[in-house]
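Scroll down for the structure; my scribbles are underneath it.
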Amino acid sequence: MSTAASFHDHLYILRNLVAKDFKVRYRNMSLGILWSLVNPLVMMGVLSFVFTVLFPSLERRHYPLFVLLGLVPYNFFSLSWLAGTGSVAANANLIKRVPFWRELLPVSVVLGNVLHYVIQMVLLLVAVFWFVGFNLQWVWIPGIIALQVVFVCGLSLLTSSLDVYHRDVRYVVESATLVMFWLCPVFYGVDQIQEDLVWIYTLNPISAVIYLLRQICLRALPPPATTMLKLAGVSLGTLFVGAWVYRRLKKDFADYL
Amino acid sequence: MKAIDLQQVSKRFLIHKTREFAVRRLGRKSSHTVEPFWALRDVSIQVESGEKVALIGGNGAGKSTLLGIVAGVITETSGKVFRNGRIGALLELGTGFHPDLTGRENIHLNASLLGFRRTDVERELDSIVDFAELKEFVDEPVRTYSSGMMARLGFSVAIHVDPDILIMDEVLAVGDRGFQAKCQEKISDLTGRGKTLLFVSHQMPAVLAMCPRTVWLDKGRVRMDGPSQKVVTAYEAAVTSLPGKTPLKAR
């Protein structure tokens, strides 16, 4: 394996892999990357219509923004995790023919999705700025998103390597993302949950990210240290476990693809 | 200095005999059996730096597995593998090109996976395209290429990443005569500069022309290892004497 390759070589490969997914995804499309903007814009429009005209929320101000601050991080999580899970099997031709640092495959897929996430987040923050306003706590946002990316990378390393041996894994992941959608505070808030269950909620990095983003954007409150620590701990722990499993399983990838 | 040193390398593949669904197995005695298949057994081969070695043998002899192990794509089950230097491997055809990407984009991706830096790729790009004779097609998606064009591009990338060890699996089987001759010339140019070649082929004339040494693999074991002329003669004698495997000429 190319263990002698330097950090810069890996970075260049990573860039090329991300670019590959990008080009493949947007080939033969007239709008290309603009789709990344169109989708969230349409979603924002529909959500605003439903929750300001059809079902105006009385107790919560800025309910459309509240929902979007849950939906955008959640969509990144579910899309990139799913794509990451299938990334090794989908690149069987590379695995079987070219020796390179295999960890780059799921990571590149997740990072490719980060680009869309960032675009959507920027768009959302423009809306937040417009309706709610800016506050200094915003400086935490990149760090929170970075921890979420670490978490999804860890999960993807784990499931993509397992998926090589049991292709059922991708369906398990698919179901998990459906279940998680309702277990994460997308349409409701952590403040609506029984108090003795909140600590479990904030152990889930996705719930924690949503909670923190809302605290910062809608209430201008600094992120609570315990939630930040839990987010960092679980994310790094997941990365560690995922990388460890991946490392053990990657040796025989070529035999099963 | 040894470029490649294989010490008692074995490779076992697990063959899942009945890929039955787990649901159907519930409550029944499992009929799911896993059978080991030894693609390589105790293979020891030492290749000196600058040597040109051919691997021959029938289908299923373990040639491609061996190349995969040397290239670092397949992990050996037991034994030790040492390699010295950068490897340029051309395993099977296509070398992992993505059909929807253009030739140029695939060159960038592939060369980087093979250990090339960005500046290297940009410097060598024209030369890669020229050698593959794909100048007017380089910005077309690879799916529009013929198999010959694809093989030419794969070969061209593999030799331009400046490998110390060149690993080639049946690459000369495609491409027209002119390109084959060009490949052979390029390979001898590389090996003349001290690069090592490990080469699988079923074409004995190519083996004899390019490699002074040949290893004959038979059912995962080294059957013979020595001067090409001797090994090829023995191999052809063995193949023709097999019942039911008479070559067309003799019929």
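Line by line, the protein sequences give chains A and B.
Each residue of the first sequence is one higher than the one before, starting from 1 at the first, in our numbering.
Each residue of the second sequence is one higher than the one before, starting from 1001 at the first, in our numbering.
For glycine and all other residues, C-beta sits at the position ideal for the given N, C-alpha and C.
Quick caveat: nothing in here was measured; it's all calculated off a predicted structure.
Quick one: residues in its chain with C-beta nearer than 8 Å to the C-beta of residue i, no 5 flanking neighbours on either side, listed in chain order?
i                 : result
Ala4 (chain A)    : Since pLDDT at Ala4 (chain A) reaches only 48, below the 50 mark, its modelled position is unreliable, and no value is offered.
Asp1042 (chain B) : Gln1008, Val1009, Ser1010, Gly1079, Arg1221
Thr1102 (chain B) : Val1138, Asp1139, Glu1140, Pro1141, Val1142
Leu104 (chain A)  : His10, Ile13, Leu14, Leu17
Gly1050 (chain B) : Ala1003, Thr1191, Gly1194, Lys1195, Thr1196
In angstroms, rounded to a whole number, what distance separates the CA positions of residue i and residue j?
i                 : j                 : result
Asp1100 (chain B) : Val24 (chain A)   : 6 Å
Ile1159 (chain B) : Ala1151 (chain B) : 12 Å
Val72 (chain A)   : Thr52 (chain A)   : 19 Å
Ala83 (chain A)   : Thr1240 (chain B) : 51 Å
Leu94 (chain A)   : Phe1097 (chain B) : 8 Å
Lys1135 (chain B) : Ser1127 (chain B) : 10 Å
Trp140 (chain A)  : Gly70 (chain A)   : 17 Å
Val1157 (chain B) : Trp130 (chain A)  : 52 Å
Gly1062 (chain B) : Asp1218 (chain B) : 8 Å
Val1121 (chain B) : Leu1109 (chain B) : 10 Å
Val136 (chain A)  : Ala220 (chain A)  : Sequence inspection shows Leu at residue 136 (chain A); the Val mentioned does not correspond to that position. Rounded to the nearest angstrom, the two C-alpha atoms are 8 Å apart.
Asp196 (chain A)  : Phe1082 (chain B) : 58 Å
His1202 (chain B) : Gly1057 (chain B) : 8 Å
Leu257 (chain A)  : Arg1177 (chain B) : 34 Å
Leu41 (chain A)   : Val245 (chain A)  : 39 Å
Gly1226 (chain B) : His166 (chain A)  : 43 Å
Asp168 (chain A)  : Glu1076 (chain B) : 27 Å
Trp35 (chain A)   : Pro142 (chain A)  : 23 Å
Trp1038 (chain B) : Leu1067 (chain B) : 15 Å
Thr1233 (chain B) : Pro1205 (chain B) : 11 Å
Phe55 (chain A)   : Gly1115 (chain B) : 57 Å
Leu1125 (chain B) : Phe1155 (chain B) : 14 Å
Asn91 (chain A)   : Gly133 (chain A)  : 44 Å
Lys152 (chain A)  : Trp81 (chain A)   : Strictly speaking, residue 152 (chain A) in this sequence is Val, with Lys absent from that position. Whole-angstrom Cα-Cα distance: 6 Å.
Ala1089 (chain B) : Leu1166 (chain B) : 6 Å
Ser1064 (chain B) : Ile1004 (chain B) : 16 Å
Phe1013 (chain B) : Pro1036 (chain B) : 6 Å
Ser274 (chain A)  : Thr202 (chain A)  : The requested residue 274 (chain A) is not part of the displayed model; chain A covers only 1 to 257.
Asp1162 (chain B) : Val1200 (chain B) : 20 Å
Cys184 (chain A)  : Met121 (chain A)  : 18 Å
Ser1147 (chain B) : Gln1184 (chain B) : 19 Å
Lys250 (chain A)  : Val234 (chain A)  : 23 Å
Val118 (chain A)  : Leu125 (chain A)  : 10 Å
Trp182 (chain A)  : Arg27 (chain A)   : 34 Å
Under the rule that 16 or more other beta-carbon atoms within 10 Å means buried, what is residue i, buried or exposed?
i                 : result
Asn1106 (chain B) : buried
Tyr268 (chain A)  : Since the first residue of chain A shown is 1 and the last is 257, residue 268 (chain A) is not available in this structure.
Asn16 (chain A)   : buried
Lys20 (chain A)   : buried
Ala1054 (chain B) : buried
Glu317 (chain A)  : Lying outside 1 to 257, the shown extent of chain A, residue 317 (chain A) is not represented and no answer is given.
Lys1230 (chain B) : exposed
Met1001 (chain B) : exposed
Val1034 (chain B) : exposed
His8 (chain A)    : exposed
Asp255 (chain A)  : buried
Arg214 (chain A)  : buried
Ile200 (chain A)  : exposed
Gly154 (chain A)  : buried
Ile144 (chain A)  : buried
Phe240 (chain A)  : exposed
Thr1119 (chain B) : exposed
Can you find a C-beta in chain C that's less than 8 Å from the C-beta of residue i?
i                : result
Ala254 (chain A) : Absent from the structure: chain C. Protein chains present are A and B.
Excluding the 5 residues preceding and the 5 following residue i in the sequence, name in chain order all residues of the same chain whose CB lies nearer than 6 Å to its CB.
i                : result
Asp252 (chain A) : none
Gly45 (chain A)  : none
Ala243 (chain A) : Leu157
Leu231 (chain A) : Leu147, Pro205, Ala208
Ser108 (chain A) : Leu14, Leu17, Val18
Got a sec? Which residues, its chain only, sit under 7 Å from residue i by beta carbon, not counting five neighbours each side?
i                 : result
Arg97 (chain A)   : none
Cys217 (chain A)  : Leu69, Val128, Val132
Asp1169 (chain B) : Ser1064, Leu1067, Leu1090, Leu1091, Glu1092, Val1200
The ligand FAD and residue i: does any heavy atom of the ligand fall closer than 7 Å to the residue's C-beta?
i                 : result
Thr1196 (chain B) : Inclusion of the ligand FAD in the displayed structure is not the case, the ligand content being empty and no account of it being possible.
- Task: Mind listing, in chain order, the continuous alpha helix (DSSP H) runs of no fewer than 4 residues lying wholly within the stretch 1102–1131 of chain B?
- Result: 1103–1113
- Item | Within the stretch 77–148 of chain A, ranges of the alpha helix (DSSP H) (whole runs, at least 4 residues) | 87–90, 92–97, 104–131
- Item | Contact set between the stretch 1045–1079 of chain B and chain A, restricted to residues whose Cβ is under 8 Å from the partner | Gly1068, Ala1071, Gly1072, Val1073, Ile1074, Thr1075
- Members of the stretch 100–120 of chain A near chain B, C-beta cut-off 7 Å: Phe100
- Can you give me, in chain order, the residues of the stretch 1199–1219 of chain B that have a beta carbon less than 8 Å from any beta carbon in chain A? none
- Task: Compile a chain-ordered list of the residues in the stretch 11–25 of chain A whose CB is closer than 7 Å to at least one CB of chain B.
- Result: Tyr12, Ile13, Asn16, Lys20, Lys23, Val24
- Query: Of the residues that make up the stretch 1158–1187 of chain B, which ones have a beta carbon closer than 8 Å to any beta carbon in chain A?
  - Reply: none
- Looking at chain B, which residues of the stretch 27–41 of chain A have a Cβ within less than 8 Å of any of its Cβ atoms? Arg27
- Quick one: which residues of the stretch 1100–1113 of chain B get their C-beta closer than 8 Å to a C-beta of chain A? List them in chain order. Asp1100, Leu1101, Glu1105, His1108, Leu1109, Asn1110, Ser1112, Leu1113
- Task: With 7 Å as the limit, tell me which residues of the stretch 72–104 of chain A have their beta carbon closer than that to any beta carbon of chain B; keep them in chain order.
- Result: Asn93, Leu94, Lys96, Arg97, Val98, Pro99, Phe100
- Within 8 Å of chain B by C-beta, residues of the stretch 144–174 of chain A in sequence order: none
- Query: In chain order, what residues of the stretch 1114–1137 of chain B put their CB closer than 8 Å to some CB of chain A?
  - Reply: Leu1114, Gly1115, Arg1117, Arg1118
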